[in-house]
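Here the structure is laid out as structure tokens; the discussion comes afterwards.
Residue numbers (the UniProt record's numbering): 1 to 201.
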């Protein structure tokens, strides 16, 4: 059985929903799954200035915060993060920057990883955000499980080969129907993780 950590950062809920779909699919694929959130480090004044952000943080306060111990436990990791100027949010970068100890010990090598993203515009940086995330993963020595074009459901979701991505309108609604693509990506990540885990024994 593969250990899969589904790690997300979400300010108003989109990537939380993507992560929940990934969690569900990974469990359906037979994995042991942890759903984890990246710790919120934005100032209280920033959070409080956006009612949706403040409400989402309150609604998800009981979701466990991701730690480096969770990364060590995981055989595979699915990340879901919004784009911030074509890059990962500062909260996610802070978390990734805390992994130096594991990296130095070689404990992140051969982890299977896959990424998803969202933005308010169709060309708002989703692809670049996933690629930025993958840059760190390549430094880890991780194995990328990008969805590519391995299932027709990916085209209905917009056809992002790097990882499922979604556009969110001004009311917070997802524009594309990406649930099936997220679930395919999660199940593919489990399958690749199991293959790597069994092959390395």
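The beta carbon of each residue, even a glycine, is placed where N, CA and C say it ideally should be.
For residue i, collect the residues of the same chain with a Cβ closer than 6 Å to its Cβ; drop the 5 residues on either side in sequence, then sort them by chain order.
i           : result
residue 26  : 4, 33, 186, 190
residue 125 : 83, 86, 119
residue 107 : 72
Keeping to the same chain, check which residues put their C-beta closer than 8 Å to that of residue i; ignore five residues upstream and five downstream.
i           : result
residue 48  : 54
residue 91  : 9, 38, 39, 40, 41, 42
residue 156 : 176, 177, 180, 181
residue 202 : Residue 202 cannot be examined here, being either before or after the span of the chain that is shown, 1 to 201.
residue 109 : 140, 141, 142
residue 65  : 36, 37, 38, 39
Taking residue i and residue j to be in contact with their CB atoms under 8 Å, please state how far apart those CB atoms are, rounded to whole angstroms.
i           : j           : result
residue 111 : residue 70  : Not really, about 11 Å apart at Cβ, beyond 8 Å.
residue 81  : residue 129 : 7 Å
residue 99  : residue 56  : In fact, because the Cβ distance is near 25 Å, the residues do not count as touching under 8 Å.
residue 137 : residue 144 : 6 Å
residue 31  : residue 2   : 5 Å
Taking the alpha carbon of residue i as the point to measure from, which residue in the options has its own alpha carbon closest?
i           : options           : result
residue 104 : 131, 158, 72      : 72
residue 123 : 59, 28, 153, 158  : 158
residue 14  : 68, 174, 149, 153 : 174
residue 172 : 44, 50, 196, 24   : 50
Taking the continuous alpha helix (DSSP H) assigned at residue i, which residues delimit it?
i           : result
residue 48  : 44–48
residue 68  : 68–73
residue 137 : 126–140
Which residues mark the beginning and the end of the beta strand (DSSP E) in which residue i is found?
i          : result
residue 37 : 32–37
residue 82 : 76–82
Just to confirm my understanding: we take residue i, look at its own chain, exclude 5 residues before and 5 after, and list those with CB closer than 7 Å. What are they?
i           : result
residue 60  : 16, 37
residue 88  : 81, 129, 132, 133
residue 121 : 167
Problem - Touching by the beta-carbon criterion (3+ pairs, under 8 Å), the stretch 89–96 and the stretch 153–168 - result: no
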